[in-house]
Each structure stands twice: as structure tokens, then as C-alpha cells.
Amino acid sequence: MIAWVIEEEFGVQYHPGHVRKLLHGWGFSVQRPRRVLARADAAAQDRWHRRIYPGLKKNVWSAASRQGESSRARN
């Protein structure tokens, strides 16, 4: 799309992959919009992330380490 704009405005053709390299060299980066649910409750999400998620994360890592220990014990 940007390559097309450059061609339309300035009459210079660039391959889209090269335009990406040029923009990156000038300090630009790809920006993608975040998905936001229309009826999302930001306060409830924040509570979940602060209270419930740390426990889930801890349980996953401890379960993975227990699984690794049991497989080493059998060998």
C-alpha cells in the first residue's frame, strides 16, 4: 500500500519488501491494532490478571517441573 502511494505521489516504483526496509531504516515499525472486545469489562480483566493469573502461571510451571522430575527418575 505504501509502495503504491509513493508511486502515485512521486512516480517512483519500489518493491513492497524494499519499502519495508526503507521505513525500518528511518525508524518506523509495523503497528498493528489491538483487538478490543466491544463489551469487555476492563476492571474485571484487571482483577483477573492481578489475582487469578499469577496462580495459574505458578501451577503450570510447578506441574511441568514435576513432570520433568518423574521422567528423569525413571531413566
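With the first letter of the sequence shown counted as 1, position 42 gets the number 28 in this note's numbering; the numbers rise by one all the way through.
Ideal placement from N, C-alpha and C gives every residue a C-beta, glycine not left out.
None of these values were measured; they are calculated from a predicted model.
Three-state secondary structure assigned by DSSP to residue i
i: Asp27; result: coil
i: Gly(-3); result: coil
i: Arg21; result: coil
i: Gly11; result: helix
Of the residues the options, the one placed nearest residue i, counting alpha carbons only
i: Leu62; options: Ala29, Ile(-8), Tyr39, Asp27; result: Outside the displayed range of the chain (-13 to 61) lies residue 62, so it cannot be described from this structure.
i: Val22; options: Phe14, Tyr39, Gln31; result: Gln31
Separation of residue j from residue i, as counted between CA atoms
i: Trp(-10); j: Val(-2); result: 9 Å
i: Ala29; j: His1; result: 45 Å
i: Lys43; j: Glu(-6); result: 51 Å
i: Asn45; j: Ile38; result: 11 Å
i: His4; j: Met(-13); result: 12 Å
i: Arg117; j: Arg18; result: The shown model of the chain, from -13 to 61, leaves out residue 117, and the question about it has no answer.
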